[in-house]
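Q: Below is the structure I would like to discuss, written out as structure tokens.
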């Protein structure tokens, strides 16, 4: 599979470094505001530009999006319980947790699980030496839980698939929590992750949730329109995003 970061954003590292120099407060694991500092400094303009960059403009989207390894580091930094992960063949890969693994065949990550291969440790060593992988959590087959953050609103979603170990492949459903969740992550985490993201979890046999994926352009299949309206209001995602940008004003960038 073609690595989409290389395809759409060959200048990714240079742009991120330029962003770091202009806005030292921002962490390069998730430079979610990299295209916002030159637009009008209002919550409305930020929300509009942010949505355009994340959902409608592929080059900006793939500059901002963390790759798989960065996503694991980002979730760890945000204090989520991250699934054990390692490079195939590394010393860490010898741990018992990696007897069965999910190998990521693309550094960026494919849509709806296209870049994931489930295999044994031995198969991974034979076919995917050096690739990033995570421990396969058998209890979570076909089911995952998404924490969806949209500005000032958070919802929790249970996603299931029929006939596939991945929760977002094939026939299935998504069940929304009926009420928006209050998510007080603290200002440091809010500004690290930005106003729009989703973290996907799977549950182990003990019911403990493990973070397995971070998404900067989240969607959900079978979105219930009534619950969506109840959570986000008449303006959809824009209302909570504007509220978020009014609360967390972007820092003024340093002059080049």
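Residue numbers (my numbering): 1061 to 1316.
Ideal Cβ positions, reconstructed from N, Cα and C, are used throughout, including at glycine.
The model shown is predicted, which means the values in this text are computed figures rather than measured ones.
Cα separation between residue 1141 and residue 1093?
A: C-alpha separation (whole angstroms): 25 Å.
Q: Do you know offhand how far residue 1304's Cα is from residue 1249's?
A: When rounded, the distance between both Cα atoms is 13 Å.
Q: In chain order, what are the residue ranges of uninterrupted beta strand (DSSP E) at least 3 long that sit wholly in the segment 1126-1168?
A: Listed in chain order, they are 1145-1147, 1160-1164.
Q: Below 8 Å between beta carbons: does that hold for residue 1197 and residue 1262?
A: A contact, by the Cβ cut-off of 8 Å.
Q: With contact counted as at least three CB pairs below 8 Å, one residue from each stretch, are the segment 1141-1153 and the segment 1185-1196 in contact?
A: Short answer: they touch.
Q: Just checking, does the segment 1071-1085 make contact with the segment 1101-1117 on the three C-beta pairs under 8 Å criterion?
A: No, they do not touch.
Q: Span of the beta strand (DSSP E) holding residue 1185?
A: Segment 1181-1187 is the alpha helix (DSSP H) holding residue 1185; no beta strand (DSSP E) there.
Q: Run the CB neighbour count on residue 1159, radius 10 Å, all protein chains shown included, and call it buried at 16 or more, exposed below.
A: The residue in question, residue 1159, is exposed, as its Cβ has fewer than 16 Cβ neighbours within 10 Å.
Q: Does the beta-carbon distance from residue 1277 to residue 1121 come in below 8 Å?
A: Their beta carbons are under 8 Å apart, which means residue 1277 touches residue 1121 by this criterion.
Q: Starting from the Cα of residue 1123, find the closest Cα among 1105, 1247, 1066 and give me that residue.
A: The residue with the shortest Cα to Cα distance from residue 1123 is 1066.
Q: Do residue 1176 and residue 1168 come within 8 Å of each other at the CB atom, strictly closer than that value?
A: No. Outside cutoff.
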